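*Asks:* In the UniProt record's numbering, the protein residues as written are 1 to 91. Even for Gly, the Cβ is constructed at its ideal location relative to N, Cα and C. Remember, it's a predicted structure, so these values are computed and weren't measured experimentally.
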């Protein structure tokens with residue numbers, strides 16, 4: 001607001017992270033009551049009860065998997081690791 005009687009300075013405001021309310025990812029520490037999240041949690045509980053623990057989880061939830069990718073199946077990284085450069089025999 002500009003008033004001639006006062007010294008004024010220009011200021012800016014940067015607003016980021018604006019998303020529609022229906023696109024906000026739930027936060028497990030959020031205390032607001034969200035009926036859709038409550039319904040989702042109940043469905044997840046039913047599925048996990050029927051098919052086993054951690055069958056259905058949030059994508060951001062960390063899990064402890066016994067499964068690990070096979071080291072032999074990885075792609076070569078010769079563009080970033082000198083030890084993996086292809087070797088050509090000079091015989």
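Give the secondary structure of residue 51 by DSSP, where H, G and I count as helix, E and B as strand, and everything else as coil.
*Replies:* DSSP places residue 51 in helix when its eight states are reduced to three.
*Asks:* Whole angstroms are fine: how far does the CA of residue 37 sit from the CA of residue 58?
*Replies:* Looking at the two C-alpha atoms, the distance is approximately 11 Å.
*Asks:* Take residue 52 and list the residues in its own chain whose beta-carbon comes closer than 7 Å to its own, dropping the five residues that flank it on each side.
*Replies:* Closer than 7 Å at the Cβ level, and outside the excluded window around residue 52, lies no residue.
*Asks:* Just to confirm my understanding: we take residue 92, look at its own chain, exclude 5 residues before and 5 after, and list those with CB closer than 8 Å. What are they?
*Replies:* Absent from the structure is residue 92, since the part of the chain shown begins at 1 and ends at 91.
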